[in-house]
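S.K.: One structure, pasted below without further comment.
In this note's numbering, the protein residues as written are 5 to 550.
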């Protein structure tokens, strides 16, 4: 009886799915354009995600490109999207003309909310001004000592073990930097900081998975963690939140006026990071701890948190709970990108003794010219390091590119994608078909410049970013108006950590084929347990880091 009921339920679900799919096809045909290509059916809920469970996910996207061309439909994590490689057709959408930035995955929306400040006219520009002020070059320079302090703490633990479990290490490093340095989370003495960070990890684990809230599922755990995190944040945010609300009301509750009052002042304005760095320097000179800034100073000093609260106020009233949620938004943006970028870069370097040696030779020159101290200015004098990070993000992007929800029909060649649909420029696929590197052939699984598994030495070549010739295209951190505002911070973090490590050690994977053996590769690589170890091999002539 139970088996009959289950079979009947599956039949009903399948019939409904087929009916909805047919309606979608008719809707597209009714737009007057040719039906965009793609499979005629997808596995309910899982969609094309079943093909990405293992192996190189880029092979799937390139296979579909070879079969269907520069635009095709896919279903991932319960959401339909249209993969587009024609960036000329996407030009308007990337300028917010006929499209808005949107992450459609249902698990992500359940945790983060479906609204975006980009839906609010006049909000994005002011928000980006505050964010860029908070993370501009002077602010990044001011953050370096605190970033290095966190990294040295991690490095000490790795040195004691003689190895780095890079998947776990990248995850912990990303959360530590996001909580302690970038967002500057303040907690009461009653809240254990390590507990808070573990809850952040649980929250992050639910972002990109099946949209199921059954007990024990990642999304259910993440939703519960979200409530615990916000409850822990709210008591310490009250005074700052009240000061922000007063300033927001004082400036007419409009983003342009609020931003102008904050930034357009005679003599300029210093960011929170700069103010804190000066306080740290004074405290160090006096031998005392730096005092916390008063809450009344919060809405007059540019910070990542202030930018997110203003953005939230453009969507909701930014009550205290909303302010807590915006802290989690910041932690997703800062922690996730850092951990994926760090893991991918570490992995590629550990696979390439040649590139490590070139980086060490560059560090010798840097130390000879500037001494052992690691500063923002010194980190800006490492061209081969810069090229290595760009190449790592080209070959193993730390993000899947960008998504837009259409607010108007979009024509891509002979196809028309209707308003309300999601379009997706996939970073890895765009790197595959980059005209600077791709010869146009489709008779291989992957173009040689993206085939890290079968052509590693030819695929991972930082030298392609140096010299006077044309440079590869790069979509890891977005494109258009929404190029990731935190991109330079991510690059700085990785450069600082690699400088600390590579001046003393060379790296080698304990499991040489760790990347190829990853049981999960989408939306990011997750190695088999116990295979992510990287050995720290002491150099005969280490370089100073002070």
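Here a beta-carbon is modelled for each residue, glycine too, at the ideal position from N, C-alpha and C.
#1: Counting only runs of 3+ residues fully inside the stretch 43-130, write out the beta strand (DSSP E) ranges in chain order.
#2: According to DSSP, is residue 312 part of a helix, a strand, or is it coil?
#3: Just the C-alpha distance for residue 305 and residue 443, rounded to the nearest angstrom, thanks.
#4: Starting from the Cα of residue 531, find the closest Cα among 483, 86, 111 and 169 and give me that residue.
#5: Assign residue 552 to buried or exposed, taking buried as 16 or more other Cβ atoms, counted over all protein chains shown, within 10 Å of its Cβ.
#6: Using three-state DSSP, classify residue 199 as helix, strand or coil.
#7: Quick check: the stretch 225-233 against the stretch 203-212, are there 3 or more CB pairs under 8 Å?
#8: Should residue 432 go down as buried or exposed, given a rule of 16 or more other Cβ atoms within 10 Å for buried?
#9: Can residue 162 and residue 173 be called in contact, C-beta distance under 8 Å?
#10: Report the start-end ranges of each beta strand (DSSP E) in the stretch 130-187 that is 3 residues or longer and not cut off at the edges.
#11: How many Å lie between residue 400 and residue 349 at the Cα?
#12: How long is the line joining the alpha carbons of residue 537 and residue 323, rounded to whole angstroms?
#13: Could you please give the first and the last residue of the uninterrupted alpha helix (DSSP H) stretch that includes residue 245?
#14: Which full runs of the beta strand (DSSP E) of 3+ residues lie inside the stretch 391-423, going along the chain?
#15: Taking residue 396 as the reference, which of 476, 237 and 246 has the closest Cα?
#16: Assign residue 4 to one of three DSSP states: helix, strand, or coil.
#17: Specify the secondary structure class of residue 498 as computed by DSSP and reduced to three states.
#18: For the beta strand (DSSP E) containing residue 259, name the first residue and the last one.
#19: Using only alpha-carbon positions, find the residue among 45, 521, 499 and 403 that is nearest to residue 480.
#20: Identify the residues that DSSP records as bridge partners of residue 538: which are they?
#21: Nearest to residue 345 by CA position, among 141, 259, 547 and 529, is which residue?
#22: From which residue to which residue does the beta strand (DSSP E) around residue 331 run?
#23: Considering only residues of the same chain and omitting the five flanking positions on each side of residue 35, which have a CB-CB separation below 7 Å?
#24: How many whole angstroms separate the CB atoms of residue 494 and residue 342, which I take to be in contact at a CB cut-off of 8 Å?
#25: Return the CA-CA distance between residue 187 and residue 302, expressed in angstroms with no decimal places.
#26: Excluding five sequence neighbours on each side, which residues of the same chain lie with their C-beta closer than 7 Å to the C-beta of residue 197?
#27: Work out the CA separation of residue 286 and residue 308 for me, nearest whole Å.
#28: According to the neighbour-count rule (16 or more other Cβ atoms, all chains shown, within 10 Å of its Cβ), is residue 542 buried or exposed?
#29: Would you mind working out which of 378, 547, 56 and 459 sits nearest residue 368, comparing C-alpha positions?
#30: Is it the case that the stretch 263-271 contacts the stretch 229-249, given that we only count it when at least three CB pairs across the two stretches are under 8 Å?
#31: Tell me where the beta strand (DSSP E) around residue 453 begins and ends.
#32: My understanding is that residue 56 touches residue 450, with C-beta atoms under 8 Å, so please give their C-beta distance in whole angstroms.
#33: Using 10 angstroms around the beta-carbon of residue 278, count the other beta-carbons present and answer buried if the total reaches 16, otherwise exposed.
#34: What did DSSP end up calling residue 435 once you bin it into helix, strand or coil?
#35: I need the DSSP call for residue 430, collapsed to helix, strand or coil.
#36: Measure the alpha-carbon distance for residue 29 versus residue 263 and round it to whole angstroms.
M.R.: Looking at the coordinates:
#1: Secondary structure within the stretch 43-130: the beta strand (DSSP E) runs of 3 or more consecutive residues, fully enclosed, are 75-80, 83-88 and 103-105 (chain order).
#2: The count along the chain shown starts at 1 and reaches residue 312 at position 308. Residue 312 falls in the helix class under three-state DSSP.
#3: Looking up residue 305 in the chain shown gives position 301. Looking up residue 443 in the chain shown gives position 439. Roughly 50 Å between the two C-alpha positions.
#4: Here residue 531 refers to the residue found at position 527 of the chain shown. When 483, 86, 111 and 169 are compared, the shortest CA-CA separation from residue 531 is found for 169.
#5: Outside the shown range of the chain, which is 5 to 550, sits residue 552, and nothing can be said about it.
#6: Taking the chain shown and counting its residues from 1, the one referred to as residue 199 is at position 195. DSSP, read as helix, strand or coil, puts residue 199 in helix.
#7: At 8 Å Cβ cutoff, the stretches touch.
#8: For the purposes of this step, residue 432 is taken as residue 428 along the chain shown, with counting starting at 1. It is buried - the Cβ of residue 432 has at least 16 other Cβ atoms within 10 Å.
#9: Here residue 162 corresponds to residue number 158 of the chain shown, with the count starting at 1. Here residue 173 corresponds to residue number 169 of the chain shown, with the count starting at 1. Yes, Cβ-Cβ distance for residue 162 and residue 173 is below 8 Å.
#10: Qualifying beta strand (DSSP E) stretches, in chain order: 167-169.
#11: By 1-based counting over the chain shown, the position of residue 400 is 396. By 1-based counting over the chain shown, the position of residue 349 is 345. Rounded to whole angstroms, residue 400 to residue 349 spans 8 Å at the Cα level.
#12: As a working mapping, residue 537 is identified with position 533 in the chain shown. As a working mapping, residue 323 is identified with position 319 in the chain shown. In this structure, the CA atom of residue 537 is about 44 Å from the CA atom of residue 323.
#13: Within the chain shown, the letter at position 241 stands for residue 245. Annotation for residue 245: the continuous alpha helix (DSSP H) segment containing it runs 222-254.
#14: If we require 3 residues or more, the beta strand (DSSP E) runs fully inside the stretch 391-423 come out as 405-410, 414-416 and 419-421.
#15: For this step, residue 396 is matched to residue 392 along the chain shown. Checked all of 476, 237 and 246; the closest Cα to residue 396 is 476.
#16: Coverage of the chain is limited to positions 5 through 550, which leaves residue 4 absent and any answer about it impossible.
#17: Stepping through the chain shown from its first residue, residue 498 is reached at position 494. DSSP, read as helix, strand or coil, puts residue 498 in helix.
#18: Position 255 of the chain shown, counted from the first residue, corresponds to residue 259. From DSSP, residue 259 is part of no beta strand (DSSP E) but of the alpha helix (DSSP H) over 259-267.
#19: As a working mapping, residue 480 is identified with position 476 in the chain shown. Closest by alpha carbon: 403.
#20: Working through the chain shown from its first residue, we reach residue 538 at position 534. Looking at the DSSP assignment, residue 538 forms a beta bridge with 168 and 513.
#21: As a first step, residue 345 is located in the chain shown; it is residue number 341 there, counting from the start. Of 141, 259, 547 and 529, the residue nearest in Cα terms is 529.
#22: Taking the chain shown and counting its residues from 1, one reaches residue 331 at position 327. Judged by DSSP secondary structure, residue 331 falls outside any beta strand (DSSP E) and instead within the alpha helix (DSSP H) spanning 324-335.
#23: As a first step, residue 35 is located in the chain shown; it is residue number 31 there, counting from the start. For residue 35, the predicted model reports a pLDDT of 48, less than 50, meaning its position is unreliable; a value from the coordinates is still stated below. Hits under 7 Å: 413, 420 and 422.
#24: Looking up residue 494 in the chain shown gives position 490. Looking up residue 342 in the chain shown gives position 338. Yes, they are in contact, since the Cβ atoms of residue 494 and residue 342 sit about 6 Å apart, within 8 Å.
#25: Position 183 of the chain shown holds residue 187. Position 298 of the chain shown holds residue 302. The straight-line gap from Cα to Cα measures roughly 13 Å.
#26: Looking up residue 197 in the chain shown gives position 193. The residues 191, in chain order, have a CB closer than 7 Å to that of residue 197 in the same chain once the five nearest residues on each side in sequence are set aside.
#27: Taking the first residue of the chain shown as position 1, residue 308 is located at position 304. Taking the first residue of the chain shown as position 1, residue 286 is located at position 282. Rounded to the nearest angstrom, the two C-alpha atoms are 24 Å apart.
#28: Locating residue 542 in the chain shown gives position 538, counting from the first residue. Classification for residue 542: exposed.
#29: As a working note, residue 368 is residue 364 in the chain shown. In terms of CA proximity to residue 368, 547 leads the group 378, 547, 56 and 459.
#30: Output reads no: the stretch 263-271 does not touch the stretch 229-249.
#31: In the chain shown, the residue the question calls residue 453 occupies position 449. Residue 453 -> no beta strand (DSSP E), and no H or E assigned at all.
#32: Taking the first residue of the chain shown as position 1, residue 56 is located at position 52. Taking the first residue of the chain shown as position 1, residue 450 is located at position 446. About 15 Å separates the two Cβ atoms, so there is no contact after all.
#33: Here residue 278 refers to the residue found at position 274 when the chain shown is read from its first residue. Looking at its Cβ environment, which holds 16 or more other Cβ atoms inside 10 Å, residue 278 is buried.
#34: Here the question's residue 435 lines up with position 431 in the chain shown. DSSP places residue 435 in helix when its eight states are reduced to three.
#35: Your numbering for residue 430 matches position 426 in the chain shown. DSSP places residue 430 in strand when its eight states are reduced to three.
#36: Start at 1 with the first residue of the chain shown, and residue 29 comes out as number 25. Start at 1 with the first residue of the chain shown, and residue 263 comes out as number 259. Model confidence at residue 29 stands at a pLDDT of 48, short of 50, so the residue's coordinates are unreliable and nothing is read from them.
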